[in-house]
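Trainee:
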Amino acid sequence: MTDNNQPKGFKYWAKATLLFIGQSLLLCLGLASLIFAFVDFFEGSFSFSEVSTLEILFSLVLISLVGRHVTSSKAVGLKWTSVVYRPLRNIGWFGLAGSLLAVFLILNEVDIEKLSMFAAKNTNRMQWLDLILIQLCFYWAAPKLPVEQPIGDEVVKEEAAQ
């Protein structure tokens with residue numbers, strides 16, 4: 019019910035349903051992309067013997083970015099669902115962009131053999147691109163902390179960006 023005790027109409031529920039479906043798809047795309055990136059990270063064997071020094075460095079930077087995200091989310095007062103959803107949503111946007119690019123290439127009848135040869139030659143570069151995008155998504159997901167700015171004798175806090 020709205021403020022004037024009128025039932026919410028079809029337009030409201032259709033919008034809410036589409037928003038829920040879109041957010042759920044972004045969450046699923048983000049989670050799948052994150053899982054596939056880490057499966058590619060360990061190259062299917064899940065042993066630390068095949069992990070390179072750069073992948074270890076990536077892991078340490080990612081752990082620090084996750085810590086930054088959680089710390090700033092607690093400082094702003096976000097719910098745990100938002101803390102989990104924000105980075106996965108960002109990763110989902112990149113997954114959606116990649117899917118749309120693949121559909122665009124297929125519709126424009128790009129030679130699949132050339133594309134697969136390009137992907138085979140550049141697997142390491144593609145893996146690093148994935149890992150860098152994941153780090154950027156966690157960096158962008160952290161909310162801004164309130165900044166204290168002195169104005170005259172009083173201190174004004176800016177609102178945290180959500």
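Per our numbering, residue 19 is the first one in the sequence shown, and the count goes up by one each step. Idealized CB from N, CA, C, for every residue including glycine.
I think Ile150 touches Leu52, with their Cβ atoms under 8 Å apart; what is that distance to the nearest whole Å?
Mentor: Stepping through the sequence shown from its first residue, residue 150 is reached at position 132. Stepping through the sequence shown from its first residue, residue 52 is reached at position 34. About 14 Å; that fails the 8 Å criterion.
Trainee: Restricting to Cα atoms, I'd like to know which of Lys162, Gln41, Lys132 and Leu37 is closest to Gly110.
Mentor: One-based indexing of the sequence shown puts residue 110 at position 92. Comparing Cα positions, the closest option is Gln41.
Trainee: Could you compute how far the alpha carbon of Gly95 sits from the alpha carbon of Asn108?
Mentor: The residue given as residue 95 occupies position 77 in the sequence shown. The residue given as residue 108 occupies position 90 in the sequence shown. Each residue's Cα considered, the two are about 20 Å apart.
Trainee: Out of Ser91, Tyr30 and Phe59, which has the shortest C-alpha to C-alpha gap to Ala159?
Mentor: As a first step, residue 159 is located in the sequence shown; it is residue number 141 there, counting from the start. Closest option to Ala159, Cα to Cα, is Ser91.
Trainee: Between the Cα of Leu147 and the Cα atoms of Pro161, Leu118, Phe56 and Phe28, which residue gives the shortest distance?
Mentor: In the sequence shown, counting from the first residue as 1, residue 147 sits at position 129. The option with the nearest alpha carbon to Leu147 is Phe56.
Trainee: Can you name, in chain order, every residue of its own chain whose Cβ lies under 7 Å from the Cβ of Glu73, other than the five neighbours on each side?
Mentor: Position 55 of the sequence shown, counting from 1, holds the residue named residue 73. Only Phe59 meet the Cβ criterion.
Trainee: Distance, Cα to Cα, Val88 vs Asn126?
Mentor: Stepping through the sequence shown from its first residue, residue 88 is reached at position 70. Stepping through the sequence shown from its first residue, residue 126 is reached at position 108. Roughly 42 Å between the two C-alpha positions.
Trainee: What separation, rounded to the nearest whole angstrom, lies between the Cα atoms of Ser134 and Val84?
Mentor: If you number the sequence shown from 1, residue 134 lands on position 116. If you number the sequence shown from 1, residue 84 lands on position 66. So the alpha carbons of these two residues sit roughly 33 Å apart.
Trainee: With a Cβ-Cβ cutoff of 7 Å, do Leu106 and Gly27 count as a contact?
Mentor: Indexing the sequence shown from 1 puts residue 106 at position 88. Indexing the sequence shown from 1 puts residue 27 at position 9. Not in contact: Leu106 and Gly27 (Cβ atoms no closer than 7 Å).
Trainee: Go ahead and label Phe156 buried or exposed: buried means 16 or more other beta carbons lie within 10 angstroms of its beta carbon, across all protein chains shown.
Mentor: The residue given as residue 156 occupies position 138 in the sequence shown. With 16 or more other Cβ atoms within 10 Å, it is buried.
Trainee: Just to confirm the assignment, what range does the alpha helix (DSSP H) spanning Pro105 have?
Mentor: Stepping through the sequence shown from its first residue, residue 105 is reached at position 87. Here the alpha helix (DSSP H) through Pro105 covers Trp98 to Leu125.
Trainee: Helix, strand or coil for Glu131? Go by DSSP, reduced to three states.
Mentor: In the sequence shown, residue 131 corresponds to position 113, counting from 1. In the structure shown, Glu131 sits in a helix (DSSP, three-state: H, G or I).
Trainee: Can you find the residues in the same chain that come closer than 6 Å, C-beta to C-beta, to Gln145, ignoring five residues on each side of it along the sequence?
Mentor: Reading the sequence shown from its first residue, position 127 is the one you call residue 145. Within the same chain, Gln145 has close Cβ partners Asp58.
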